[in-house]
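Taking the numbering used here, the leading residue of the sequence shown gets 9, the next gets one more, and so forth.
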Amino acid sequence: MKYVSTRGQAESLDFEGVTLTGLARDGGLYVPEVLPQFSPEKIRKMRGKSYADVAFEVIQPFVEGSVSDADLKTMLDATYGDTFRHTAVAPLVQLGSNAFLLELFHGPTMAFKDFALQLLGRFFDHFTTEDHKLTIIGATSGDTGSAAIEGCRGRKNVSIYMLHPKGRVSDVQRRQMTTILDENVVNIAVDGTFDDCQALVKACFNDHGFRDKVGLTAVNSINWARVMAQIVYYFTSAVALGAPDRKISFSVPTGNFGDIFAGYVAKGMGLPVETLAIATNSNDILARTLETGRYSLGTAVPTLSPSMDIQVSSNFERLVFDLAGRDGTQVQNYMDAFQADGSFEFSANELEALRASFVAGRTDNDATKAVMRAYQKKTGYIADPHTAIGLDVADRLLPTSDIPTVALSTAHPVKFGAAVEEACGITPTLPAHMADLFEREERFEVMANDNDALQQRVLSGIVS
Ligand SMILES: *Cc1c(COP(=O)(O)O)cnc(C)c1O
């Protein structure tokens, strides 16, 4: 499989190359040159297979030429056989007559990020050696950090520096990162927002000298392997509900647009996806874009769903590339305009194509709490605030019909205990493997929103 950059200037790479590179050198994101096509017969044969076996079918064409079938099988069995706490890995829960919830929080850090990052950690291990080490600098709005650290901790040839916006992640989220004391893990609290953290990471990538010196790669969803791993559960859930002989719609709590983009890729591979609903909190750049055709920067505001407190959705560029007819020059023009003026406008055709696959809705804090309460009352189900936004947007924007709707449940409610308590009057208890989280020793450094300071810190780690 060959991968090309959304900005059309960087060299094309194979899977190993894109996994170890992260961001393309022209500032773009890597996407497959062509998507593998799955026939209805091939999809039908997924019925009754284990999660790891479907993962093999879905992922194999994307890694062909870089990972042998035997190695891939071993990695997938280790990832989805051993580290998830539910035998179905991604179980469906029925909450209405034709409405389902896909629970993606049974991994070690209890958010859907584990699906990709447990696997990515294994790919890093597979592709690195004593002479070819990697440095990871990542930005987290909460859940990526712990999942990435959990996926990379203790891996011999990998160092991970994780930036989180100081005071803007939940206590559970922070402690899940800062209590991991492995030597190859450095947590940094940045005085700023998640968007600031993400901009610092991008700046490191755009400094090619620095990048080469430290062997930099990404664990954020700019790394294609993240998106790839997430395609799998669109297949498993749709097949469980009758695909390919029935269409399915999905509602996806969205921040960086990685998770929902995986659903769009699944559709492009032949899965019969009817509608993809982008569910956002008050940080609603994507909902506004669908309304107006203008992708226009707003101000990030803190909400009850901090993992979606994002204005600049980095993966959206992958969709823009498709909408613009896979014309890298056009993507570059759009991104230049966005950089300079904070916005760009889609053409009428592009907007039509966007609206053909997606709908979008926003749910503010009060509505989020009301939805959490309503579901608790109606079904007994306690949803975390991110999940509640997915449920709300599914209920409002996906028509009730014979097409099943699947809302993605992206985190376990215990990760957002304060919000659950405020909305539902219940304090979720930490599961046994995390019961002593609040007694564990924490370790993190505080840093200004300053790229030089960050690079100095990383270089000091490399030299010592
Ligand atoms: C990361 C995250 C999201 C947003 O996913 P994207 O791929 O960034 O759109 C939603 N909910 C939770 C709980 C998350 O951790």
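From the three backbone atoms N, C-alpha and C, an ideal C-beta is built for every residue, glycine too.
Terminal residues of the beta strand (DSSP E) in which residue i lies
{"i": "Thr136", "result": "Counting along the chain, Thr136 falls outside any beta strand (DSSP E), and DSSP gives it neither H nor E."}
{"i": "Arg234", "result": "From DSSP, Arg234 is part of no beta strand (DSSP E) but of the alpha helix (DSSP H) over 232–248."}
{"i": "Ala197", "result": "193–198"}
{"i": "Thr288", "result": "281–288"}
{"i": "Gly369", "result": "366–370"}
{"i": "Glu111", "result": "107–111"}
{"i": "Thr143", "result": "142–147"}
{"i": "Met185", "result": "Not the beta strand (DSSP E): Met185 falls in the alpha helix (DSSP H), residues 179–186."}
{"i": "Arg302", "result": "302–304"}
{"i": "Gly104", "result": "100–104"}
{"i": "Phe258", "result": "256–261"}
{"i": "Glu353", "result": "351–353"}
{"i": "Glu453", "result": "453–455"}
Residues near residue i by beta carbon distance below 7 Å, same chain, minus five either side
{"i": "Leu438", "result": "Val422, Leu445"}
{"i": "Val466", "result": "Thr143, Ile145, Tyr169, Val222"}
{"i": "Thr244", "result": "Tyr59, Val62, Ala98"}
{"i": "Ala427", "result": "Leu312, Pro393"}
{"i": "Arg404", "result": "Gly369"}
{"i": "Thr87", "result": "Gln126, Leu127, Arg130"}
Close-in-space but distant-in-sequence residues of the same chain around residue i (CB under 8 Å, 5 per side omitted)
{"i": "Pro412", "result": "Asn106, Ala107, Phe108, Leu249, Gly250, Arg254, Ile256, Ser257"}
{"i": "Ala211", "result": "Asn459"}
{"i": "Ser472", "result": "Note on Ser472: pLDDT 43, under 50, position unreliable in the model; the coordinate value appears next. Taken in chain order, the list of residues that qualify is empty."}
{"i": "Thr225", "result": "Thr27, Leu28, Thr29, Gly30, Phe132, Leu142, Thr143, Ile144, Asn231"}
Residue interval of the alpha helix (DSSP H) (run including residue i)
{"i": "Phe324", "result": "324–331"}
{"i": "Val273", "result": "266–276"}
{"i": "Glu158", "result": "151–160"}
{"i": "Ile411", "result": "Per DSSP, Ile411 belongs to no alpha helix (DSSP H) and is neither H nor E."}
{"i": "Glu429", "result": "425–432"}
{"i": "Leu171", "result": "Taken as a continuous stretch (DSSP letters only), Leu171 belongs to no alpha helix (DSSP H), being part of the beta strand (DSSP E) at 166–173."}
{"i": "Val39", "result": "First-last for Val39: 38–40, but that is the beta strand (DSSP E), not the alpha helix (DSSP H)."}
{"i": "Val66", "result": "59–71"}
{"i": "Tyr383", "result": "373–387"}
{"i": "Val209", "result": "202–214"}
Residue i Cβ short of 7 Å to ligand 1 heavy atom set
{"i": "Lys210", "result": "no"}
{"i": "Met316", "result": "yes"}
{"i": "Asn106", "result": "no"}
{"i": "Ile168", "result": "no"}
{"i": "Phe366", "result": "no"}
{"i": "His114", "result": "no"}
{"i": "Lys164", "result": "no"}
{"i": "Ile390", "result": "no"}
{"i": "Asp151", "result": "yes"}
{"i": "His394", "result": "yes"}
{"i": "Gly146", "result": "no"}
{"i": "Ile239", "result": "no"}
{"i": "Asp289", "result": "For the record, residue 289 in the displayed sequence is Asn; it is not Asp. False, no ligand heavy atom lies under 7 Å from that Cβ."}
{"i": "Ala378", "result": "no"}
{"i": "Ala419", "result": "yes"}
{"i": "Ala119", "result": "yes"}
{"i": "Ser259", "result": "no"}
{"i": "Asp2", "result": "The chain is shown only over 9 to 472; residue 2 falls outside these bounds and no answer can be derived."}
{"i": "Gly223", "result": "no"}
Contact set for residue i: own chain, Cβ-Cβ below 6 Å, skip 5 residues either direction
{"i": "Ile7", "result": "Because residue 7 is not part of the residues shown, which for the chain are 9 to 472, the question remains open."}
{"i": "Gly278", "result": "Gln45, Phe46"}
{"i": "Leu462", "result": "Leu208"}
{"i": "Asn165", "result": "Thr136, Lys141"}
CA nearest to the CA of residue i, picked from the options
{"i": "Lys121", "options": "Asp330, Asp199, Pro261, Gly162", "result": "Pro261"}
{"i": "Glu158", "options": "His172, Val177, Ile188", "result": "Ile188"}
{"i": "Pro48", "options": "Ala415, Ala246, Met185", "result": "Ala246"}
{"i": "Val454", "options": "Asp199, Asp77, Asn165, Val209", "result": "Asp199"}
{"i": "Ile397", "options": "Asn228, Gly263, Ile230", "result": "Gly263"}
{"i": "Leu331", "options": "Gly425, Thr14, Tyr383", "result": "Thr14"}
{"i": "Asp22", "options": "Ala233, Glu360, Asn341", "result": "Ala233"}
{"i": "Gly153", "options": "Asn195, Gly162, Pro40", "result": "Asn195"}
{"i": "Ala361", "options": "Ser229, Leu298, His114, Gln45", "result": "Leu298"}
{"i": "Gln68", "options": "Gly129, Gly56, Phe46", "result": "Phe46"}
{"i": "Leu112", "options": "Ala391, Phe64, Glu429", "result": "Ala391"}
{"i": "Asp204", "options": "Tyr88, Gly89, Ser321, Ala124", "result": "Ser321"}
{"i": "Ile318", "options": "Leu128, Gln206, Ala119, Ala96", "result": "Gln206"}
{"i": "Tyr303", "options": "Val309, Glu325, Ala237, Ala443", "result": "Glu325"}
{"i": "Tyr283", "options": "Ala368, Met9, Phe202, Gly333", "result": "The residue asked about is misnamed: residue 283 is Thr in this sequence, not Tyr. It is Ala368."}
{"i": "Val180", "options": "Asn214, Val12, Thr408, Glu447", "result": "Glu447"}
{"i": "Lys487", "options": "Thr95, Phe64, Asp90", "result": "Outside the shown range of the chain (9 to 472) lies residue 487, about which nothing can therefore be said."}
{"i": "Asp267", "options": "Val281, Asn289, Ala237, Arg296", "result": "Ala237"}
{"i": "Asp400", "options": "Ile286, Pro173, Thr307", "result": "Ile286"}
{"i": "Glu138", "options": "Ala119, Thr117, Ser167", "result": "Ser167"}
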